[in-house]
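One structure below.
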Ligand code: FES
Ligand SMILES: [Fe+2]
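Residue numbers (my numbering): 316 to 743.
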């Protein structure tokens, strides 16, 4: 692939400076599809969305449409959602249940295990010579789940999902392993387009505590940023206890330890169960926001998880869900759902402010002259530490420590190194 810029010179994580080409260059975007999205483990779906044999949901790996399906024997698989005959999208529904998928163009039919099981005119037009074994749906090379979260990668040489997540699993557990029964998705998926580069969203969620009191000043006066299932989080100031965790491999999450739960609240009632699952320190961590490299983000306060699908260098498609403890009572689930809708959703008052920033950053970065000025990621440089209590490299809560770890990893993966050539973890 020919590049209009050299990947190696774009990211200087040690000095906290990043070239704006990273956010607008078309050649780099094509390289991202190849080296990041076709190689990394990407979030596809939650197991609770497909509990029964034949259940399916649609997903994406980069710009490739994916069908995630539990086959008739109960095994979860993921396939390119494109007909092997002439490329029609085989399944056009967001979710449902099917024993087989029939292409609406010429009628090739695939079983829910991806095998080609029916071809109209197999005798009359193909003279029984078509090798149907060879023409099943293209499988995603590796599919695996972490406590209900289903991920997939097209790279058969990628490390296992557990290795890929590394110490990020410790922090993800705060969402998905708080109670017996784990977590579940409630409601459907929200989808919307933002005319901004996908990384602006990933990096905002991974560590941008700084923007919160400015960008969200007005919306938080109307609708406090706290949920009955999550409690208070301290955002936008440097309490010495708080930290940004960069557990390596480009992942990151912002943390508040020692959460105080009001007596009688849902959280105080489930605290003993959380402590049994997570241990005492982790049970009282509020996880604020985080990103699993490259484009899967979580937001604690409003119990949302989302994927920032790339749609060109200047556009992303957001897919967002609401996640709750499966064992939570109905009123907590409903509270959480309403809070998601009112804050972080296409019509949410907090969400819109972020989208506005990312689209305007992208628009201004199109300019020929503006593009020659780097972005600044110096905040908190040299103030990182390691902790005996929590895994990863920790930076101040308000810093760009996690963002630097994200872009350091971005540059490594983009430079095309094999998995074995990339260090499993690097300080952010
Ligand atoms: S494109 Fe699917 S059967 Fe022809
Ligand atoms: Fe925000």
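Don't be surprised by glycine CBs; every beta carbon is placed ideally from N, CA and C. Since the model is a prediction, treat every value here as computed from it, not as a measurement.
- For a cut-off of 8 Å, the C-beta gap from residue 424 to residue 432 is around 6 Å, short enough to register as a contact.
- Remark: fewer than three beta-carbon pairs, one from each stretch, lie closer than 8 Å, so the segment 518-532 and the segment 443-460 are not flagged as touching.
- Annotated three-state conformation of residue 670 is helix, per DSSP.
- Under the DSSP assignment, residue 412 falls outside any alpha helix (DSSP H), being part of the beta strand (DSSP E) whose first and last residues are 410-412.
- A heavy atom of ligand 2 is found nearer than 6 Å to the CB of residue 669.
- When rounded, the separation of the alpha-carbon atoms in residue 589 and residue 462 is 15 Å.
- Residue burial annotation: residue 598 is buried, with at least 16 other C-beta atoms found within 10 angstroms of its C-beta.
- Rounded to the nearest whole angstrom, the CA to CA distance from residue 693 to residue 716 is 8 Å.
- Annotated three-state conformation of residue 403 is coil, per DSSP.
- In chain order, the residues with a C-beta atom nearer than 5 Å to some heavy atom of ligand 1 are 398, 400, 401, 403, 418, 420, 421, 423.
- Rounded to whole angstroms, residue 574 and residue 552 show a C-alpha spacing of 16 Å.
- Within the segment 607-667, the complete beta strand (DSSP E) segments at least 3 residues long are 611-614, 619-625, 631-640, listed from N- to C-terminus.
- If you compare the alpha carbons of 673, 650, 572, 595 with that of residue 628, the shortest gap goes to 673.
- The alpha carbon of residue 467 has as its nearest neighbour, out of 725, 720, 381, 665, the alpha carbon of 381.
- Judged by DSSP in its simplified three-state form, residue 432 adopts strand.
- In this chain, the alpha helix (DSSP H) harbouring residue 477 covers 476-480.
- Sequence-distant partners of residue 464 (beyond 5 residues in either direction) whose C-beta falls short of 7 Å from its own C-beta, in its chain, are 358, 361, 491.
- Relative to the Cα of residue 384, the nearest Cα in the group 406, 401, 400, 399 belongs to 406.
- Burial is judged here by how many other beta carbons sit within 10 angstroms of a residue's own beta carbon; residue 675 has fewer than 16 and is exposed.
- Separation of the CB atoms of residue 486 and residue 356 is rounded to 16 Å, and the pair is thereby denied contact status at 8 Å.
- Excluding its 5 nearest sequence neighbours in each direction, residue 457 has C-beta neighbours in its own chain below 7 Å: 467, 468, 471, 473, listed in chain order.
- Within the model, the alpha-carbon separation for residue 558 versus residue 710 is close to 6 Å.
- Per DSSP, the continuous alpha helix (DSSP H) segment holding residue 491 begins and ends at 483-491.
- For residue 562, the uninterrupted beta strand (DSSP E) segment begins and ends at 558-563.
- By the 16-neighbour rule on beta-carbons within 10 angstroms, residue 699 is buried.
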